[in-house]
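The structure under discussion appears below in the form of structure tokens.
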Amino acid sequence: MPLYIMRHGDAQLQAASDSLRPLTKTGCEEVAAAVSRKLDELMLVDEIWVSPLVRAQQTAQIVNEKLNKPLVTQTWLHPGGSVSQVIESIQATSKTLLLVSHQPLVGILVDTLTGADPGRYRLTTSSIARIDADIYAASCGNLCWLDQNVCVAS
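Counted from 1, the sequence shown has number 728 at position 83 by the numbering used here; the numbering is strictly sequential.
This is the structure in structure tokens:
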């Protein structure tokens, strides 16, 4: 079963707190472009699980303008979230998911699921990865593709 993992779009550097940083205009455009490139595959998604932070919520809203899937905010999908908690939650569902979250969590998750060396996959903003596995556990996944945003805003 496929699992899609996405990092939020480019966000403003300044806000009242890290959790309130919104996407930049470029970030919004990058998210829309990334979803358009993978739209046919992303239509397989049953649910979008998203971090509660503003930039991830905005990313998920842009994604959902094209997918029209249920959005579920998961408080544990924050940047410092527990990879083991994410994996346990994925294991507990039979749904095809798109996770919208942050570095370092998304990179560590891809590394862990695919058995890659730590730090191998560092997702740039608006990047999407597809991992396939029969069972989601450490080193049990196959990275099918990684659509990296190469025009990262500064």
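C-beta: ideal position from N, C-alpha, C; glycine also. Because the structure is a prediction, the values reported are computed rather than measured.
Return the first residue and the last residue of the beta strand (DSSP E) that residue i is part of.
i: Asn787; result: 787–792
i: Thr718; result: 716–718
Give me, in chain order, the residues of the same chain whose beta-carbon lies closer than 7 angstroms to that of residue i; leave out the 5 immediate sequence neighbours on both sides.
i: Gln706; result: none
i: Gln730; result: Trp721
i: Asn709; result: Ile693, Leu716
i: Tyr781; result: Leu648, Ile732, Ile735, Gln736, Leu758
i: Gln702; result: Val695
i: Lys670; result: none
DSSP puts residue i in a beta bridge; with which residues?
i: Ile650; result: Leu744, Ala774
i: Leu698; result: None; Leu698 has no bridge partner.
i: Leu668; result: Ala656
i: Glu692; result: Leu742
Near residue i, what residues of its chain come up, given a Cβ to Cβ distance below 6 angstroms and the 5 sequence neighbours on each side ignored?
i: Val676; result: Gly654, Thr704, Ile707, Ser771
i: Ala660; result: Arg666
i: Arg765; result: Asp756
i: Arg767; result: Gly752
i: Ser799; result: Caution applies to Ser799, whose pLDDT of 41 falls short of 50 and renders its modelled position unreliable; the value that the coordinates give is listed next. Once the five neighbours on either side are set aside, Ser799 has no close Cβ partner at all.
Going by Cα to Cα distance, which pick from the options is closest to residue i?
i: Pro647; options: Gln702, Asp691, Val680; result: Asp691
i: Ser664; options: Val699, Ala656, Glu733, Glu710; result: Val699
i: Val728; options: Lys740, Pro749, Thr671; result: Pro749
i: Gln793; options: Gly726, Ser734, Val751; result: Val751
i: Ile753; options: Thr741, Thr769, Ser739; result: Thr769
i: Arg682; options: Leu712, Gln657, Lys670; result: Leu712
i: Val680; options: Cys789, Val745, Asp762; result: Val745
i: Leu687; options: Leu668, Thr741, Gln657; result: Thr741
If I follow the unbroken alpha helix (DSSP H) through residue i, where does it start and stop?
i: Val755; result: 750–759
i: Val593; result: Residue 593 is absent from the model: the chain starts at 646 and stops at 799.
i: Leu768; result: Neither: Leu768 is in no alpha helix (DSSP H) and is coded neither H nor E.
i: Leu687; result: 684–687
Apart from the five residues on each side of it in sequence, which residues of its chain come closer than 8 angstroms, Cβ to Cβ, to residue i?
i: Lys714; result: Val690, Asp691, Glu692, Ile693, Leu743
Is there a Cβ from chain B that is less than 8 angstroms from the Cβ of residue i?
i: Leu684; result: Looking for chain B here will not work: only one protein chain is present.
Pair every Cβ in the region 744–763 with every Cβ in the region 776–796, then say whether three or more of these pairs are closer than 8 angstroms. Touching, yes, given that three or more Cβ pairs across the two stretches are closer than 8 angstroms.
Could you tell me whether the region 712–726 touches the region 679–696, where touching means 3 or more Cβ pairs closer than 8 angstroms? yes
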